[in-house]
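Trainee: Sharing a structure, written as structure tokens. Questions coming.
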Amino acid sequence: MSTIIYGIITSVILALYAVGFSLTYGISGLANFAHGALYILAGYISWNLMNYLGLPFLASAPLAVVACALVGFIIYWGLLLRVRGIPLSELVVTFAAGVAILELLTWRGFYGISYSLPVFVEGGVEIWGVAVDAQRLLVIAVGVALVVLLYLFVHYTKIGLAFRGMAQNERTALSVGIESDWIGALSLALGSALAGLAAVVVLPLGMMESSVGYEVLIYALAVAIVGGLESTPGMVVASFVIGFGQRITASYIGPKWMIIVPLAAIVLVLAVRPSGLFGKFKELEERV
Amino acid sequence: MPGETLLKVRGLRKSFGGVIAVGNVGFELKQGDFLGIIGPNGAGKTTLVNMITGFVRPDGGKVYFKGKDITGSRPYDIANLGIARTFQMVRLFYHLPAYKNLIIPLCSKRISRIRGGRFGERDEVALDLLDDVGFERDSYVPYKQAGSLPHGYLKRLDLARALALRPEVLILDELFSGMSMAEVAGVLPLMEKLSDKGLTIIMIEHRLRELFKVAHRVMVLTFGQKIAEGPPDEVMQSDEVKKAYLGTDVELGESGRD
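Same order as they appear, the protein sequences are chains L and Y. All residue numbers for the first sequence refer to my numbering, where the first residue is 64 and numbers rise by one. All residue numbers for the second sequence refer to my numbering, where the first residue is 124 and numbers rise by one.
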């Protein structure tokens with residue numbers, strides 16, 4: 064029973080890691096390799112606002128999310144705009160930005176056991192005989208709410224429609240007056256904000272240090288590759304496949320093997336079904 | 124204002140590698156003009172249009188819209204100014220229902236400034252536009268996924284998409300190619316109506332007979348050069364045009380191939 068409940072929690076956490084990465088990629092075809100760095104940056108900003116300015120966590124968390132959005136926006140306007148349309152350069156730029164952020168945090172001493180964020184909600188409940196703390200339930204609630212809100216946003220708002228237009232056909236979108244640079248910058252800002260949001264709800268569950276950024280990037284990549292890029296159902300299913308895979312591994316083989324699961328999943332999917340479980344790039348299948 | 128010069132193109136040039144796609148082409152359009160652009164494949168027609176609409180940056184030359192220099196502007200800025208275009212290779216938003224393809228242009232900056240772009244009226248406006256190009260309003264066709272529609276419908280959907288921007292200049296890149304006779308016959312009256320209403324139209328077309336029914340003026344390109352411009356029947360009498368367009372000195376229209 065506890066494997067199932069904690070499997071669900073792990074899966075939702077993975078989905079939270081991946082949602083911002085997938086959203087940005089889905090809209091503007093931009094693989095944001097700074098995603099993990101932005102995630103941990105939110106934790107760092109939030110911690111500093113609390114400990115140096117004395118803000119309560121309820122205030123510092125949203126500020127950290129906004130700060131992430133700004134950093135994403137700046138990465139786009141400052142760096143990516145010059146290399147747009149050259150995927151390899153985009154990848155190098157975002158990866159370099161990510162490494163720069165992470166190493167900066169390490170240099171500032173952001174590692175060790177002294178950093179953690181408080182939980183939003185105290186206490187816990189018992190579900191079918193398994194003790195679950197309230198923060199983990201909050202994580203699930205945020206995850207579900209986020210998927211629903213994003214669906215509504217993308218399908219029923221002006222900017223959401225512009226996002227979908229850009230995702231489906233950039234050239235046609237340009238010809239009907241959609242400002243691709245602006246939409247691209249917004250998509251990265253939104254993806255970064257989602258990384259920040261995931262950070263402030265997930266990080267209170269454990270310690271934080273700069274190296275978590277690399278881990279989160281690997282998870283986000285694993286979910287995106289296994290689910291198939293640009294596919295929302297794929298993202299959700301992949302999160303659950305990897306999440307449960309990890310929980311089962313932890314219960315029956317040993318917790319230290321958990322990190323193998325996303326890596327093995329990437330290798331397996333690329334070998335057998337390179338477009339992912341729900342992928343749209345079917346031409347890749349023919350190369351297997 | 125009728126008679127006002129809307130679009131002025133001066134000495135546009137573009138080479139790809141060593142090949143001159145367009146060399147020193149210029150023309151002028153007054154409001155309400157209907158210009159046909161014809162020429163053999165590879166004559167530079169699409170490149171010319173791509174330069175005007177901002178998809179290709181010219182090597183030299185200028186494009187003025189209402190006296191304002193728009194050379195090298197971004198495609199979305201040009202679209203928002205009121206120059207809309209269709210594409211030879213239709214690529215729509217295939218994963219959206221047909222009518223939603225029009226909602227996206229209706230959400231653009233340009234339309235939010237003029238009427239028809241307000242939340243709540245966009246669906247109506249989209250369905251009206253589709254009705255104009257022959258998507259029966261009461262049928263299920265406007266609600267089908269764009270990707271599932273047959274080619275002739277896609278071409279007309281592309282036209283409606285361009286019209287949704289309420290353009291002042293409409294540029295059609297081989298709209299009729301791949302359309303059935305019946306579909307062309309359905310769209311021609313719409314072209315005439317739009318032109319009569321004062322819309323300025325540029326039409327690249329290989330189907331000359333249909334084009335000459337609607338165009339006031341024709342420009343002939345070959346190997347990136349303009350070799351003639353004038354009323355359709357006059358232009359087609361020119362020996363140079365006959366040679367360039369048909370490759371030989373045959374008499375047009377009397378060859379028995381019609």
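Yeah, the Cβ is synthetic: ideal placement off N, Cα and C, and Gly gets one too. Note that the structure is a prediction, hence the values are computed from the model and not measured.
1. Under the rule that 16 or more other beta-carbon atoms within 10 Å means buried, what is Y/His274, buried or exposed?
2. Going by CA-CA distance only, name the one from Y/Ala249, Y/Lys232, Y/Arg233 and Y/Met304 that's closest to Y/Leu280.
3. Where are the alpha helix (DSSP H) runs, 4 residues long or more, that stay fully inside the segment 291-328 of chain Y, in chain order?
4. Quick check: the Cα distance between L/Val188 and L/Val75, rounded to an integer number of angstroms?
5. What residues are listed by DSSP as bridge partners for L/Met229?
6. Is there a Cβ of chain A sitting closer than 8 Å to that of L/Leu237, yes or no?
7. Which residues in chain L have a C-beta closer than 7 Å to the C-beta of Y/Lys232? List them in chain order.
8. Specify the secondary structure class of L/Met271 as computed by DSSP and reduced to three states.
9. Pick from Y/Val343, Y/Gly126 and Y/Leu129: whose alpha carbon is nearest that of Y/Lys366?
10. Is the distance from the Cβ of Y/Leu171 to the Cβ of Y/Val148 below 8 Å?
11. Mind pulling the alpha helix (DSSP H) runs of 4 or more residues that sit fully within the segment 160-245 of chain Y?
12. Y/Leu288 touches chain L at which residues, Cβ-Cβ below 9 Å?
13. Can you give the Cα-Cα distance for L/Phe96 and L/Val239, rounded to whole angstroms?
14. So, for L/Tyr185: in the same chain, excluding its five sequence neighbours on each side, which residues have a beta-carbon less than 7 Å away from its beta-carbon?
15. Is L/Ile90 closer than 8 Å to L/Phe216 when the C-beta atoms are compared?
16. For the beta strand (DSSP E) containing Y/Ile350, name the first residue and the last one.
17. Starting from the N-terminal side, write out each stretch of the alpha helix (DSSP H) that is 4 residues or longer and does not extend beyond the segment 281-342 of chain L.
18. Whole angstroms are fine: how far does the CA of Y/His329 sit from the CA of Y/Gly379?
19. What span of residues does the alpha helix (DSSP H) with L/Arg147 cover, start to end?
20. If I follow the unbroken alpha helix (DSSP H) through L/Thr66, where does it start and stop?
21. How would you label Y/Glu306, buried or exposed, when you count the other beta carbons within 10 angstroms and need 16 or more for buried?
22. So L/Ile246 is in the alpha helix (DSSP H); what residue range does that whole segment cover?
23. Between Y/Asn203 and chain L, is the shortest Cβ-Cβ distance under 8 Å, so that the two count as touching?
24. Select from the segment 216-237 of chain L all residues with a C-beta closer than 8 Å to any C-beta belonging to chain Y, and list them in chain order.
25. Run through chain L and tell me which residues come within less than 9 Å of Y/Leu215, C-beta to C-beta.
26. Let me know the secondary structure DSSP gives L/Ser177 once reduced to three states.
27. Taking DSSP as the reference, what is the three-state secondary structure of L/Val182?
28. Suppose you measure from the CA of L/Met64 to the CA of L/Ile311; what does that come to, to the nearest Å?
29. Nearest-angstrom Cα distance between Y/Ala283 and L/Ile246?
30. Whole angstroms are fine: how far does the CA of L/Leu292 sit from the CA of Y/Met314?
31. Would Y/Ile160 and Y/Lys168 be called neighbours here (beta carbons separated by less than 8 Å)?
32. Using 10 angstroms around the beta-carbon of Y/Asp296, count the other beta-carbons present and answer buried if the total reaches 16, otherwise exposed.
33. With 8 Å as the threshold, decide whether the Cβ of L/Ser243 is near any Cβ in chain Y.
34. For the alpha helix (DSSP H) that Y/Gly134 lies in, which residues bound it at each end?
35. Check whether chain L comes within 8 Å of Y/Phe139, counting only Cβ atoms and requiring the distance to be less than that.
36. Just mark L/Tyr69 as buried or exposed, buried being the case when its beta carbon has 16 or more other beta carbons within 10 Å.
Mentor: Let me lay it out:
1. Its Cβ having fewer than 16 others within 10 Å, Y/His274 is exposed.
2. Of the listed residues, the one whose Cα sits closest to Y/Leu280 is Y/Ala249.
3. 304-319
4. 18 Å
5. Answer is none; L/Met229 lacks a bridge partner.
6. The structure shown has no chain A; the protein chains it does contain are L and Y.
7. Gly240
8. coil
9. Y/Val343
10. yes
11. 168-175, 198-204, 221-229 and 232-236
12. Ser238, Val239 and Gly240
13. 30 Å
14. In the sequence under discussion, the amino acid at residue 185 of chain L is Glu, which differs from the Tyr named in the question. The answer, listed in chain order, is Ala197.
15. no
16. Gln348 to Gly353
17. 295-315 and 323-335
18. Residue placement at Y/Gly379 is flagged as unreliable, the pLDDT there being 37, under the threshold of 50; a coordinate-derived value is accordingly withheld.
19. Looking at the DSSP string, L/Arg147 is not in any alpha helix (DSSP H), and its letter there is neither H nor E.
20. Ser65 to Ser91
21. buried
22. Ser243 to Val265
23. With 8 Å as the cut-off, Y/Asn203 counts as an interface residue toward chain L.
24. Lys221, Leu224, Ala225, Arg227, Gly228, Gln231, Asn232, Arg234, Thr235, Ala236 and Leu237
25. Contacts between Y/Leu215 and chain L, judged by CB atoms closer than 9 Å, involve Gln231, Asn232 and Thr235 in chain order.
26. Assignment of L/Ser177 by DSSP, reduced to helix, strand and coil, places it in the coil class.
27. coil
28. Going by C-alpha positions, L/Met64 is about 11 Å away from L/Ile311.
29. 24 Å
30. 42 Å
31. yes
32. With 16 or more other Cβ atoms within 10 Å, it is buried.
33. yes
34. Segment Thr128 to Phe139 is the beta strand (DSSP E) holding Y/Gly134; no alpha helix (DSSP H) there.
35. So, not an interface residue.
36. buried
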